[in-house]
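To start, the structure under review is shown below, and the notes come after it.
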Amino acid sequence: RVFVNCSGLYSDYVALQTGIDPGIQILPFRGEFYDLTPEAHRLVKNLIYPVPNPNFPFLGVHFTRMIQGGIEAGPNAVLAFKREGYSRWDIHLRELAEILVFPGFRKIARKYWRDGWAEMQRSYSKQHFVKALQRLIPEIRSEDLTPGRSGVRAMACDAAGNLLDDFLILSKPGVINVCNAPSPAATASLAVGETVAARVLEQCN
């Protein structure tokens with residue numbers, strides 16, 4: 043038997059329980075979306091993206107036409123106060139304390155506190171979110187947006203304050219830990235599955 047850990051936001055916890063120190067801690071970043079009202083759909087004919095900051099793994103707010111016909115605006119990238127912090131009001135004191143005392147997070151916070159503050163403003167103020175969108179479409183107004191979904195992205199950070207931008211899969215006999223699966227992991231999910239399955243078969247043969 044082979045145990046496969048693909049637990050996302052808890053991948054570091056589970057890896058430690060299997061006896062493997064992944065050398066990283068998962069930092070949860072919430073991404074929040076707004077939906078465009080049907081009247082505003084005329085403003086977005088295609089996907090609209092900003093030029094990304096190469097220092098960050100986040101694209102910045104953008105416009106996406108969805109398969110079912112709707113249009114999403116977002117997401118931002120704000121630190122969540124619990125691992126499954128899908129709402130801005132979700133707080134878990136122990137998990138938040140683990141983030142705040144982690145040396146890697148403190149180094150990131152010192153270096154990018156202005157960017158972090160700007161993301162917090164976009165999370166708690168719709169007007170700040172709208173201003174970010176207006177860099178792409180100046181005609182967008184607050185009344186064109188209604189609250190949408192949110193997600194939490196598991197970002198692997200090492201003690202030096204580096205956010206891992208590649209896959210991290212650690213193995214030992216009987217155990218395979220997928221400790222980091224960054225974007226485009228969803229796009230590459232079939233290939234990731236093949237890689238994990240191949241490692242399982244190696245251990246079974």
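In our numbering, the protein residues as written are 43 to 247. Idealized CB from N, CA, C, for every residue including glycine. From a predicted model like this one, the values you see are computed outputs, not experimental measurements.
{"Query": "DSSP three-state assignment for glutamine 110, whether helix, strand or coil", "Result": "coil"}
{"Query": "Sequence ranges, beta strand (DSSP E) only - wholly within the segment 216-245, length at least 3", "Result": "217-222"}
{"Query": "Selected residue, minimal CA-CA separation from phenylalanine 98, among Pro92, Arg84, Leu205", "Result": "Leu205"}
{"Query": "Any non-hydrogen atom of the ligand SAM closer than 6 Å to lysine 124 Cβ", "Result": "As for the ligand SAM, it is missing from this structure, which has no ligand bound."}
{"Query": "Cβ separation of valine 242 and valine 44, assumed to be a contact under 8 Å, to the nearest whole Å", "Result": "5 Å"}
{"Query": "Nearest to arginine 107 (by Cα), restricted to the options Asp77, Val143, Leu101", "Result": "Asp77"}
{"Query": "Runs of beta strand (DSSP E) lying entirely within the segment 68-113, each at least 3 residues, in chain order", "Result": "104-107"}
{"Query": "Closest residue to asparagine 88 among Val217, Ile179, Ala198 (Cα-Cα distance)", "Result": "Ile179"}
{"Query": "Distance between glutamine 59 and alanine 239 (C-alpha atoms, nearest Å)", "Result": "21 Å"}
{"Query": "Continuous alpha helix (DSSP H) stretch holding lysine 214: start and end", "Result": "Not the alpha helix (DSSP H): lysine 214 falls in the beta strand (DSSP E), residues 210-214."}
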